[in-house]
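Per the numbering used here, the very first residue in the sequence shown carries number 12; after that it's consecutive. First up is the structure itself, then whatever we jot down about it.
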Amino acid sequence: MGIELKAANAWTIGDKLATREAYGKALVDLGDQNTNVVVLDADLSSSTQTKLFAAKFPDRFFNMGIAENNMMGVAAGLARAGKIPYASSFAMFAAGRAWEFVRNSIAHNHLAVKICATHAGLTVGEDGASHQIIEDIAIMRAIPTMTVIVPADATEAYQATMLLADHDAPTYLRLGRAKCPVVYDDSYRFEIGKASILKAGSQVTLIACGMMVSRALEAAQALALEGIDVEVINSASIKPLDSKTICESARKTSKVITMEEHNIIGGLGEAVAACLMESGVGADFKRMGVKDIFGQSGDAYKLLDHYGLAVSDIIHETKSILKRSN
Numbered sequence: 012m013g014i015e016l017k018a019a020n021a022w023t024i025g026d027k028l029a030t031r032e033a034y035g036k037a038l039v040d041l042g043d044q045n046t047n048v049v050v051l052d053a054d055l056s057s058s059t060q061t062k063l064f065a066a067k068f069p070d071r072f073f074n075m076g077i078a079e080n081n082m083m084g085v086a087a088g089l090a091r092a093g094k095i096p097y098a099s100s101f102a103m104f105a106a107g108r109a110w111e112f113v114r115n116s117i118a119h120n121h122l123a124v125k126i127c128a129t130h131a132g133l134t135v136g137e138d139g140a141s142h143q144i145i146e147d148i149a150i151m152r153a154i155p156t157m158t159v160i161v162p163a164d165a166t167e168a169y170q171a172t173m174l175l176a177d178h179d180a181p182t183y184l185r186l187g188r189a190k191c192p193v194v195y196d197d198s199y200r201f202e203i204g205k206a207s208i209l210k211a212g213s214q215v216t217l218i219a220c221g222m223m224v225s226r227a228l229e230a231a232q233a234l235a236l237e238g239i240d241v242e243v244i245n246s247a248s249i250k251p252l253d254s255k256t257i258c259e260s261a262r263k264t265s266k267v268i269t270m271e272e273h274n275i276i277g278g279l280g281e282a283v284a285a286c287l288m289e290s291g292v293g294a295d296f297k298r299m300g301v302k303d304i305f306g307q308s309g310d311a312y313k314l315l316d317h318y319g320l321a322v323s324d325i326i327h328e329t330k331s332i333l334k335r336s337n
């Protein structure tokens with residue numbers, strides 16, 4: 012297809028933007044470039060930002076109503092017919108309610124449907140535990156042939172959305188409701204299966220995904236003032252995982268901490284742990300995430316802090332892993 016990444020959608024490092032907003036902008040650019048791109052939504056287009064595509068390409072936008080299972084089935088049919096379908100809803104519904112259709116209609120038939128789920132994780136905020144899916148990375152990465160991507164910021168979300176048009180496999184793109192800092196400028200190039208080293212370091216490896224990447228960077232800056240040199244890796248591509256980059260960093264530092272806005276069971280942390288074990292890399296290891304409990308209603312950022320994902324928590328865990336290694 013030959014995707015063109017438009018410079019007009021570049022953001023400045025430090026800007027705050029929700030990844031769902033970048034997704035909406037990318038869909039419009041995709042629609043301009045390829046008439047085979049179609050978008051489906053489950054009556055949430057204002058929230059998922061697919062409304063931007065709907066306004067410009069109404070003949071290629073399908074509001075399937077509050078019927079997520081049907082939406083996934085229709086998306087599978089459109090993919091079989093040669094279209095490039097992007098199917099959107101809240102992550103709780105796209106990965107949770109529609110899971111059987113995703114598994115059997117899309118993945119089992121190896122159809123390149125792009126399941127782009129917004130409002131994932133704790134930072135759904137006030138919507139509470141019923142909507143704060145913290146299991147979606149686990150259940151989607153367990154589906155055979157499924158690609159799982161969790162962008163760190165708007166720049167990466169925009170690029171991932173664009174590049175998925177050429178990706179010949181079912182994909183789960185996890186997007187957020189809350190605004191988070193931009194960590195990449197327009198010189199960055201996202202690649203499926205490739206991690207990104209945002210800060211080189213020698214003492215501890217911090218591996219994060221989603222909005223936890225900016226918090227890892229903030230912690231690294233604070234630790235540097237105390238003479239602690241950490242490496243920060245953005246592992247947006249959770250499946251496939253960049254084993255090479257992760258293992259090389261772990262061999263260098265021998266200490267690894269993962270952090271994610273997700274249950275510590277089945278997510279990024281366990282993917283990295285399995286990678287290190289199977290590669291024979293010995294390292295002190297710590298998972299940071301939601302500790303196998305449900306969320307609750309509250310301010311998005313205060314919830315991250317409440318569940319042990321504050322910058323101060325990252326700093327504390329980094330110092331702890333250094334102490335136990337000495």
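Every residue, glycine too, gets a C-beta built ideally from N, C-alpha and C.
Discussion item. In this structure, how does DSSP classify Pro-162 when only helix, strand and coil are distinguished?
Written reply: In this structure, Pro-162 counts as coil in the three-state DSSP scheme.
Discussion item. Tell me the DSSP secondary structure of Cys-286 in three-state form.
Written reply: Helix, per DSSP.
Worksheet item: Identify the residues that DSSP records as bridge partners of Thr-9: which are they?
Response: It is not possible to answer for residue 9, since the shown part of the chain is limited to 12 through 337.
Item to complete: Report the residue from Met-299, Ile-117, Met-75 whose alpha carbon sits nearest the alpha carbon of Thr-216.
Response: Of the listed residues, the one whose Cα sits closest to Thr-216 is Met-299.
Worksheet item: Where does Ile-148 fall in DSSP's three states?
Response: If DSSP states are grouped into helix, strand and coil, Ile-148 belongs with the helices.
Worksheet item: For Phe-201, which residues of its own chain have a beta-carbon under 6 Å away from its beta-carbon, when the five flanking residues on both sides are left out?
Response: So the list reads Glu-167, Gln-170, Ala-171, once near-sequence residues are dropped.
Item to complete: Evaluate Ala-19 with the Cβ neighbour count: other Cβ atoms within 10 Å of its Cβ, from every protein chain shown; 16 or more gives buried, anything less gives exposed.
Response: With a pLDDT of 49 at Ala-19, under the threshold of 50, the predicted position of this residue should be treated as unreliable, though the coordinate-derived value follows. Exposed, since its Cβ has fewer than 16 Cβ neighbours within 10 Å.
Item to complete: Determine, using beta-carbon pairs with one atom in the region 271 to 290 and one in the region 147 to 164, whether at least three such pairs fall under 8 Å.
Response: Judged by Cβ distances under 8 Å, the region 271 to 290 makes contact with the region 147 to 164, as three or more pairs qualify.
Worksheet item: Is Pro-274 helix, strand or coil by DSSP?
Response: Reading off the sequence shown, one finds Asn at residue 274, where the question assumed Pro. Asn-274: strand per DSSP, three-state reduction.
Worksheet entry | Rounded separation between Leu-38 and Asn-245 - CA only | Each residue's Cα considered, the two are about 24 Å apart.
Worksheet entry | Distance between Ala-282 and Leu-252 (C-alpha atoms, nearest Å) | About 8 Å.
Worksheet entry | Distance between Glu-242 and Pro-192 (C-alpha atoms, nearest Å) | About 19 Å.
Worksheet entry | N-terminal and C-terminal residue of the beta strand (DSSP E) that Met-299 is part of | Looking at the DSSP string, the run of the beta strand (DSSP E) that includes Met-299 is 295 to 301.
Worksheet item: Are the CB atoms of Arg-71 and Val-49 nearer to each other than 7 Å?
Response: Val-49 sits close to Arg-71, with the two beta carbons spaced by under 7 Å.
Practice prompt. Could you tell me the distance, in whole angstroms, from the CA atom of Thr-129 to the CA atom of Cys-258?
Written response: Rounded to whole angstroms, Thr-129 to Cys-258 spans 30 Å at the Cα level.
Worksheet entry | For Glu-242, three-class secondary structure by DSSP | Three-state result, Glu-242: strand.
Worksheet item: Any idea if Glu-328 is buried or exposed, counting beta-carbon neighbours within 10 angstroms, 16 or more meaning buried?
Response: Sixteen is the threshold: when 16 or more other Cβ atoms of the shown chains lie within 10 Å of the Cβ of Glu-328, as they do, the residue is buried.
Discussion item. Since Pro-181 and His-142 should fall inside the 8 Å C-beta cutoff, what is the C-beta to C-beta distance between them, to a whole number of angstroms?
Written reply: About 24 Å; that fails the 8 Å criterion.
Discussion item. Could you tell me the alpha carbon to alpha carbon distance between Ala-67 and Ala-106, rounded to whole angstroms?
Written reply: The residue asked about is misnamed: residue 67 is Lys in this sequence, not Ala. Those two C-alpha atoms are separated by around 27 Å.
Practice prompt. Give me the Cβ distance between Ala-294 and Lys-334, rounded to the nearest whole Å; I'm assuming they're in contact under 8 Å.
Written response: At roughly 16 Å, the Cβ-Cβ gap does not stay under 8 Å, so Ala-294 and Lys-334 are not in contact.
Worksheet item: Whose CA, out of Phe-296, Leu-315, Lys-297, lies closest to the CA of Phe-305?
Response: Across the set Phe-296, Leu-315, Lys-297, the C-alpha of Leu-315 shows the shortest separation from the C-alpha of Phe-305.
Worksheet item: Which two residues bound the contiguous alpha helix (DSSP H) that contains Ile-77?
Response: Premise fails: Ile-77 is in no alpha helix (DSSP H) and is neither H nor E.
Worksheet item: By Cβ distance, which residues of its chain are closer than 6 Å to Ser-207, with the 5 residues on each side in sequence left out?
Response: So the list reads Asn-245, once near-sequence residues are dropped.
Item to complete: Consult DSSP for Ala-219 and reduce its assignment to one of helix, strand or coil.
Response: Strand.
Item to complete: Give the DSSP-derived three-state secondary structure of Val-49 in the structure shown.
Response: In this structure, Val-49 counts as strand in the three-state DSSP scheme.
Fill in: Straight-line gap, Arg-188 to Ser-225 (C-alpha atoms, nearest Å)
So the two alpha carbons sit approximately 16 Å from each other.
Practice prompt. Taking 7 Å as the cut-off, decide whether the C-beta atoms of Asp-147 and Ala-102 are in contact.
Written response: Against a cut-off of 7 Å, the Cβ pair of Ala-102 and Asp-147 comes out as a contact.
Worksheet item: Hey, how far is the Cα of Asp-54 from the Cα of Gly-35?
Response: Each residue's alpha carbon lies about 15 Å from the other.
Discussion item. Would Asn-80 and Ala-109 be called neighbours here (beta carbons separated by less than 7 Å)?
Written reply: In terms of Cβ geometry, Asn-80 and Ala-109 form a close pair [threshold 7 Å].
Worksheet item: Do Arg-114 and Ile-150 have their CB atoms nearer than 7 Å?
Response: Against a cut-off of 7 Å, the Cβ pair of Ile-150 and Arg-114 comes out as no contact.
Fill in: Three-state secondary structure assigned by DSSP to Gly-25
Coil.
Worksheet item: Is Tyr-183 helix, strand or coil by DSSP?
Response: Looking at Tyr-183 - three-state DSSP - the assignment turns out to be strand.
Worksheet item: Can you check whether the CB of Met-83 is closer than 7 Å to the CB of Phe-104?
Response: Cβ distance not < 7 Å, so Phe-104 and Met-83 don't count as in contact.
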